[in-house]
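Peer 1: Just dropping this structure here.
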């Protein structure tokens, strides 16, 4: 589904991502782990199109992404969340989901004017489903800025899902969550796979990564130092040395 | 009574100017080109009634359309830059338009006199209203039909998905792009709607003053255009109206008895208002 071929991104002399090869198959949950500054978020930003590639190529469903703008990648089916939450704080929870309905299906089945200027009745049901999935139904008229941290994380995930993505990039979705919230997040990620969504998960919470992913790639200094199942990665000496610790 | 009708005309026209900047500001862009679109609407509508003999309503429509087309054309290159660079780019465009009208001569003989724009001397004899016997009250009502129409349109747009998208772009461009919003399309469309509103406002201005010249459309007017929605707050269109009433009715006219001291107090009161209501007169409470 997604192929990164010798992808590099350099910022001046800093090689944030350096010759990275990675393949994500349809229906997989792939973890991307590594120490801070290892290039995980940069990799997500490259896939999402926020940074241009210094070298290499990214192909999504056989289509090279080099010339596809950020908003165009969402239409192809790539959605994301951010490491630092980036909601539209002065819009309501409902509006945050409303503005994110930009999938090709949304564009094709509604007329231009109905889509942009009206059509609330048409979208209400879909947004209600997203609110139910993220347990935010009771907060739908609340400004996003007024939500608790955990609620904001859930809203950001729901907003990414509003575009019916094929591939979802989750950038540290458990950051700042308590154990109970992480458990709920884990269940939501499993539910996403059941819905046919492929997930790339960047996370420092090892309990979550090891418990939910099919395969993990480990980055260090912008390069992939290991790849395999959670069990293989956990026992890899290079990974232990660079990231996980222990002997 | 005519004084109050005249004041209501001024408030109405400045409200249109402020609303033209309001929709652009929703996307987080600060444009100093609104006075230029206002000027284009003023000259276009004036020329159509004076030189072509059109009725004022289609002339206003044409002025509005020309304002929109110009804003759309300016929007594409100008919105590639952000922040202060956009302010400078739109300021340069505004000054360019003003200087164009400073050098613009297009006069024809009509009824024994020459009429039409005459460069630095301006464009006199835009006399559709007096020639058709409209009273000051009727002109005021005519202007307010447009003001209320535009306010209703923007109020409705604000509640549509389009309005939410404008505000999402204004809040966080990166997040907006990431949820599939085409920034260029959204910003240019906001600029275009703003240009249309400024164009109709300019057309009304030209007909109620009967005489326009390049100096009417200087950077001070452009500054007023963005000051109204900022002072009023971007929460609703009513904030812009409140700011225009505050500035034009209270500060400009209400303090006239203070003479030269008025200008000093003018700035101080705006600063005071912004300190007391940092998110605008109609802005949200708190941080």
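Residue numbers (this note's numbering), protein chains in the order written: chain A, 16 to 262; chain B, 287 to 573. In this text, a Cβ means the ideal position worked out from N, Cα and C, and glycines have one as well.
(1) On the three-state DSSP scale, how would you describe residue 394(B)?
(2) Cβ closer than 7 angstroms: which chain B residues qualify as neighbours of residue 95(A)?
(3) Can you tell me which of the three DSSP states residue 229(A) falls into?
(4) Could you check how far apart the C-beta atoms of residue 401(B) and residue 342(B) are, in whole angstroms? I think they sit under 8 angstroms.
(5) Express the C-alpha separation of residue 412(B) and residue 495(B) in angstroms, rounding to a whole number.
(6) When you compare each of 385(B), 290(B), 487(B), 314(B) to residue 460(B) by their alpha carbons, which one comes out closest?
(7) Considering just the uninterrupted stretch of the alpha helix (DSSP H) at residue 447(B), what are its terminal residues?
(8) Report all residues from its chain with a CB closer than 8 angstroms to the CB of residue 98(A); omit the five preceding and five following residues, and keep chain order.
(9) For residue 336(A) and residue 148(A), what's the separation of their Cα atoms in angstroms?
(10) Where does the unbroken alpha helix (DSSP H) through residue 345(B) begin, and where does it stop?
(11) Quick check on residue 411(B): does DSSP put it in helix, strand or coil?
(12) List, from N- to C-terminal side, the alpha helix (DSSP H) runs of 4 residues or more that fit wholly inside the stretch 147 to 231 of chain A.
(13) CA-CA distance, residue 38(A) and residue 84(A)?
(14) CA-CA distance, residue 535(B) and residue 356(B)?
(15) Could you give the first and the last residue of the continuous alpha helix (DSSP H) run that contains residue 509(B)?
(16) Evaluate residue 299(B) with the Cβ neighbour count: other Cβ atoms within 10 Å of its Cβ, from every protein chain shown; 16 or more gives buried, anything less gives exposed.
(17) Whose C-beta lies closer than 8 angstroms to the C-beta of residue 451(B) among residues of the same chain, with five residues either side of it excluded?
(18) Using a threshold of 8 angstroms, state whether the C-beta atoms of residue 490(B) and residue 432(B) are closer than that.
(19) On the DSSP letters alone, give me the boundaries of the beta strand (DSSP E) that residue 238(A) sits inside.
(20) So, is residue 573(B) buried or exposed, given that buried needs 16 or more other C-beta atoms within 10 angstroms?
(21) If you compare alpha carbons, which of 376(B), 322(B), 532(B), 483(B) is closest to residue 514(B)?
(22) Where does residue 254(A) fall in DSSP's three states?
(23) Please go through the same chain and pick out, in chain order, the residues whose beta-carbon is closer than 8 angstroms to the beta-carbon of residue 407(B), but skip the five residues on each side of it.
(24) Kindly indicate which three-state DSSP category residue 424(B) falls into: helix, strand or coil?
(25) Spell out the partners DSSP gives residue 78(A) in its beta bridges.
(26) Would you tell me roughly how many angstroms separate the C-alpha atoms of residue 555(B) and residue 101(A), rounded to the nearest one?
Peer 2: Judging by the given coordinates:
(1) strand
(2) 464
(3) coil
(4) 16 angstroms between Cβ atoms; not a contact.
(5) 8 angstroms
(6) 314(B)
(7) 447 to 457
(8) 56, 186, 187, 190, 217
(9) Absent from the model: residue 336(A). The displayed extent of chain A is 16 to 262, so no value can be given.
(10) 342 to 364
(11) coil
(12) 164 to 176, 194 to 209, 221 to 227
(13) 21 angstroms
(14) 31 angstroms
(15) 505 to 518
(16) buried
(17) 462, 467, 472
(18) yes
(19) 238 to 243
(20) Residue placement at residue 573(B) is flagged as unreliable, the pLDDT there being 34, under the threshold of 50; the coordinate-derived value follows with that caveat. Exposed: under 16 other Cβ atoms inside 10 Å.
(21) 532(B)
(22) helix
(23) 499
(24) helix
(25) 75(A)
(26) 36 angstroms
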